[in-house]
Amino acid sequence: MTVRDLAVSGPWYRALIGADPVLDERTDAGFHHIVWALPGGTLFGIHQHDKRAEAEQFTEFRVGLDHVSFGVGSRDDLQVWQNRLDELGIAHGGIVDAPYGSGLSFRDPDGIALEFFAGN
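The sequence shown begins at 1 in full-length UniProt numbering and counts up by one.
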């Protein structure tokens, strides 16, 4: 996922995930990226490109990414994540229940929509 400033987003995601990244690398391809290994074998990475786009805020209404959702095992796990977001001072929409599962939505420093989700 592309971010504006790794100096801001790197520590934010490190605190959220609660772990050090498995990779923090500047490439010859024109970007710097940080990658974390999440439970279940999922890798999650953030990138800052040397060539920058115009400074505009993320919106899910443009073509491309709507949001990133991280699956958790149960609704109880969502409560643990809600408590963690509260501890970190990260605003969120609270746990929302639907017939197909429950979600907890929030945004990163660039305004990218994120969610923890527990299916039924």
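In this text, a Cβ means the ideal position worked out from N, Cα and C, and glycines have one as well.
* Please confirm whether Gly93 and Ser105 have their CB atoms less than 8 angstroms apart. => A contact, by the Cβ cut-off of 8 angstroms.
* Asked: Among Leu23, Arg52, Phe31, which residue has its Cα nearest to the Cα of Leu38?
  -> Measuring from the Cα of Leu38, the nearest candidate turns out to be Leu23.
* Along the beta strand (DSSP E) that carries Val96, what are the first and last residues, could you check? => Run containing Val96: 92-98, per the beta strand (DSSP E) assignment.
* Asked: Are the segment 36-55 and the segment 3-14 touching, with three or more C-beta to C-beta distances below 8 angstroms?
  -> yes
* Who are the Cβ neighbours of Phe70 in its own chain at under 6 angstroms, not counting the five residues just before and after it? -> In its chain, beyond the 5 residues on either side, Phe116 have a beta carbon closer than 6 angstroms to the beta carbon of Phe70.
* Mind checking which residues open and close the alpha helix (DSSP H) that includes Ser9? => Where Ser9 is concerned, the enclosing alpha helix (DSSP H) starts and stops at 6-17.
* Asked: What residues in its chain sit with their C-beta under 7 angstroms from that of Lys51, if we drop five residues either side in the sequence?
  -> Correct list, in chain order: Gly30.
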